[in-house]
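Residue numbers (our numbering): 11 to 393. This report refers to the structure that appears directly beneath it.
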């Protein structure tokens, strides 16, 4: 593919939407592997198995337990507290922080990562990984129909899951009557918003042009450029993760399988996700809900490359959700993400049917290729 834009157009035209674990995701990954074979020294397709439906399938469990915890005070407040506390804790650990607590309840399915490696002309003293994810998500129907209000409804539900056990824990030792109390009615009023979790996905799988073929396309183009402009002491690795939308499963599988190797020598992951808007291109230094802070030195290097190329860097924090970089950072590996979406509001294309090739700007992706190629050359030249 001669440009990142054409790469995205081809994947969508041939393979369409690529739900994690689907044949379309697999075929798209194998197509990328064939492309990487034209300029990489070696290419690997790395299959893995994971509970790909566990993250979002668990939301129905949390919703039902929340309703149960609302009803239980009529029988036993301690029992209601226990149910609400377990529900809130597991919701936080499994869903919000992208854990695997409930994965054992869901079937294992296969996905795969694709890794293409370009060796330097001399001894490798560091490895730079440029990555995106191939899979696309089922549509978040509430976000499509209600935009920012869809997120607010989900936030109300999630906060209710977490606050209900706190209310019960305060009320119990005080001997307060919680059944039919004013706060209890407040939690009851919030309960219909649990429908936004229970029915979070529609039947449509989005095309995923910006989220995240744009990231894969930029990583592919960076690798192709640097295969022609071989660096002296910097190994370049192009990575396409599978099953990111189901809880960062591909990046977690890579860290689990190759973690010791990644820690043994300097590896630095530059993850690309949603390379959409050059005016909202954020250098991500932390991911709040997952609880990770990325490598400050790597963030600084990427920010410097932005500045050298006339892009004032915007340092950002992802408030809710996460990227594949968090799988690396939470395991002590050097990583960060670049995200080209606003951080303070929902972009209309994000996880909706509007995420098509029409939302992309070729010059934005081309510009990011230039920035990242420059960063790699600069880092290599300062050895």
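For glycine and all other residues, C-beta sits at the position ideal for the given N, C-alpha and C.
Residues bridged to residue i [DSSP beta-bridge criterion]
i: residue 82; result: None, per the DSSP bridge assignment.
i: residue 206; result: For residue 206, which the question treats as bridged, DSSP gives no partner whatsoever.
i: residue 123; result: 56
i: residue 148; result: 215
i: residue 29; result: 146
i: residue 326; result: 294
i: residue 346; result: 280
i: residue 136; result: 244
i: residue 161; result: Note: residue 161 sits in no beta bridge, so no partner.
Spatially closest choice to residue i from the options, by CA coordinates
i: residue 277; options: 287, 288, 263, 305; result: 305
i: residue 263; options: 338, 49, 350, 351; result: 338
i: residue 214; options: 99, 320, 52, 149; result: 149
i: residue 200; options: 190, 222, 167; result: 167
i: residue 296; options: 287, 58, 115, 307; result: 307
i: residue 24; options: 153, 217, 65, 356; result: 217
i: residue 333; options: 317, 303, 21; result: 303
i: residue 258; options: 41, 15, 63, 392; result: 63
i: residue 318; options: 389, 83, 117; result: 389
i: residue 241; options: 147, 129, 316, 231; result: 129
i: residue 83; options: 187, 12, 136, 70; result: 187
i: residue 106; options: 12, 68, 131, 89; result: 68
i: residue 65; options: 206, 256, 210; result: 256
i: residue 375; options: 170, 350, 209; result: 350
i: residue 354; options: 369, 345, 324; result: 324
i: residue 40; options: 185, 206, 315, 144; result: 144
i: residue 109; options: 371, 347, 340; result: 340
i: residue 58; options: 346, 265, 320; result: 265
i: residue 346; options: 15, 322, 292, 358; result: 292
i: residue 230; options: 364, 70, 127; result: 127
i: residue 322; options: 289, 294, 99; result: 289
i: residue 275; options: 19, 344, 315; result: 344
i: residue 205; options: 133, 162, 185; result: 162
Length of the line joining the Cα atoms of residue i and residue j
i: residue 387; j: residue 310; result: 15 Å
i: residue 140; j: residue 248; result: 5 Å
i: residue 193; j: residue 164; result: 20 Å
i: residue 97; j: residue 243; result: 50 Å
i: residue 155; j: residue 336; result: 30 Å
i: residue 189; j: residue 197; result: 11 Å
i: residue 287; j: residue 383; result: 19 Å
i: residue 87; j: residue 74; result: 18 Å
i: residue 27; j: residue 61; result: 20 Å
i: residue 54; j: residue 72; result: 38 Å
i: residue 159; j: residue 331; result: 17 Å
i: residue 361; j: residue 157; result: 11 Å
i: residue 142; j: residue 254; result: 9 Å
i: residue 17; j: residue 273; result: 32 Å
i: residue 342; j: residue 270; result: 11 Å
i: residue 328; j: residue 147; result: 19 Å
i: residue 369; j: residue 191; result: 49 Å
i: residue 367; j: residue 283; result: 15 Å
i: residue 81; j: residue 89; result: 10 Å
i: residue 373; j: residue 380; result: 10 Å
i: residue 232; j: residue 246; result: 9 Å
i: residue 135; j: residue 392; result: 12 Å
i: residue 169; j: residue 209; result: 18 Å
i: residue 298; j: residue 371; result: 29 Å
i: residue 364; j: residue 85; result: 48 Å
i: residue 37; j: residue 176; result: 48 Å
i: residue 312; j: residue 385; result: 7 Å
i: residue 12; j: residue 221; result: 20 Å
i: residue 56; j: residue 118; result: 16 Å
i: residue 14; j: residue 101; result: 38 Å
i: residue 207; j: residue 326; result: 27 Å
i: residue 131; j: residue 314; result: 25 Å
i: residue 52; j: residue 133; result: 17 Å
i: residue 358; j: residue 185; result: 48 Å
Contact belief for residue i with residue j at Cβ below 8 Å, rounded distance in angstroms
i: residue 378; j: residue 228; result: 5 Å
i: residue 174; j: residue 43; result: Not a contact, Cβ separation roughly 48 Å.
i: residue 224; j: residue 285; result: 4 Å
i: residue 394; j: residue 300; result: As shown, the chain starts at 11 and ends at 393. That puts residue 394 outside it, with no answer to give.
i: residue 251; j: residue 261; result: 5 Å
i: residue 115; j: residue 104; result: With 8 Å as the limit, residue 115 and residue 104 do not qualify as a contact, their Cβ atoms being about 10 Å apart.
i: residue 76; j: residue 203; result: Going by Cβ atoms, the distance from residue 76 to residue 203 rounds to 10 Å, so no, they are not a contact pair.
i: residue 22; j: residue 219; result: 6 Å
i: residue 356; j: residue 153; result: 6 Å
Any non-hydrogen atom of the ligand SAH closer than 7 Å to residue i Cβ
i: residue 265; result: For the structure depicted, the ligand SAH is absent and the ligand set is empty, with no information on it obtainable.
Contact with chain C by residue i, beta-carbon distance below 8 Å
i: residue 222; result: The structure shown contains no chain C; it holds only a single protein chain.
Report task. Take every Cβ of the region 122-138, pair it with every Cβ of the region 76-93, and state whether three or more of those distances are shorter than 8 Å. Result -> no
Query raised in the report: Between the region 230-248 and the region 20-33, are three or more C-beta pairs nearer than 8 Å?
Result: no
Requested in this report: Tell me, please, whether the region 177-195 touches the region 43-54 by the rule of three or more beta-carbon pairs shorter than 8 Å.
Outcome: no
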